[in-house]
Amino acid sequence: MLLVLAGCGDDGEATGMDDPSDQIETMSTSGTSVADSSESSDDESTGAGGAGPSYGSDEDLARAAELWASIGGDERAWQTSSAWALFPGTVALQSGMEPHGLRQTIYLDDPESSTLSEGSIIIKENYPPEGQGDDLQGVLLMTKREAGFDAPHMDWFWVLYQPDGTVVDDPAFAPKPLAGAGDIPCTGCHADAIGADFVFTND
């Protein structure tokens with residue numbers, strides 16, 4: 320099932336918080352990120368050179384596949400591994416808004432860390448409304464790249480996966496596969512996050 324990308328705005332990441340000011344900002348990865356290990360000569364994908372990063376390139380899709388493998392995507396390892404935890408202040412299957420499903424579960428890697436740094440990974444599982452089943456509809460992944468990768472968008476690399484790990488590619492709501500940075504639709508919406516960190520869950 321494809322996720323339907325509706326209008327931008329608060330996607331529900333902030334729901335479930337009692338006192339957002341008390342929450343840990345995010346968590347950084349405890350290992351080497353796939354995003355760190357994949358260097359590129361493609362200016363459009365990496366931001367090296369003039370054009371800045373974009374999305375949907377073959378390199379972006381290759382990086383997305385590597386990320387899926389590194390997080391144990393086929394086994395949904397983030398649900399059970401001690402290296403992952405629910406984002407502070409959130410609960411499983413909390414209420415959300417499109418484009419990320421009307422119920423969401425949000426995870427962070429390295430629950431012992433309290434900083435948002437290079438290599439950090441956020442995973443958001445997307446589920447249908449209550450009463451319409453609990454089948455996973457999609458997985459959004461955000462990973463923090465090296466400083467300067469995409470500075471206007473806080474250096475995030477974004478991927479929207481189908482439950483089987485393939486990257487969402489539907490011209491009905493995006494002209495290119497949803498993996499990459501720069502002008503990917505994710506950045507236009509997440510730019511509204513408080514604190515300009517592109518993470519609604521911190522708001």
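Heads up, the sequence shown is in my numbering, so the first residue is 320 and it goes up one at a time. Glycine included, every Cβ here is placed at the ideal spot set by N, Cα and C.
Looking from the CA of Arg464, the closest CA among Glu449, Asp488 and Leu386 belongs to Leu386. When the beta-carbon positions are compared, Leu405 and Pro448 stay at least 7 Å from each other.
With contacts defined by Cβ atoms closer than 7 Å, Thr434 and His472 do not form a contacting pair. If only uninterrupted alpha helix (DSSP H) runs of at least 4 residues are considered, none is enclosed by the stretch 474 to 502.
DSSP places Ala411 outside both helix and strand once states are collapsed to three, so it counts as coil. Under the DSSP definition of a beta bridge, Met461 partners with Ile441 and Trp477. Looking from the CA of Thr409, the closest CA among Ala396, His419 and Tyr426 belongs to Tyr426.
Looking only at Trp477, His419 and Ser439, the smallest Cα-Cα distance to Gly457 is reached by His419.
In the DSSP assignment, Ala404 falls within the unbroken beta strand (DSSP E) covering Trp403 to Leu405. In the structure shown, the three-state DSSP call for Thr506 is helix.
Per DSSP, Asp377 is not a residue of any beta strand (DSSP E); the alpha helix (DSSP H) it occupies stretches across Asp377 to Ser389.
Between the alpha carbons of Val486 and Gln451 lies a distance of about 24 Å. For Gln423, the enclosing beta strand (DSSP E) covers residues Arg422 to Asp428. When the Cα atoms are used, Trp477 and Pro496 turn out to be separated by approximately 11 Å.
Ranked by Cα distance from Lys443, the options Ser436, Ala470, Asp428 and Ser432 are led by Asp428.
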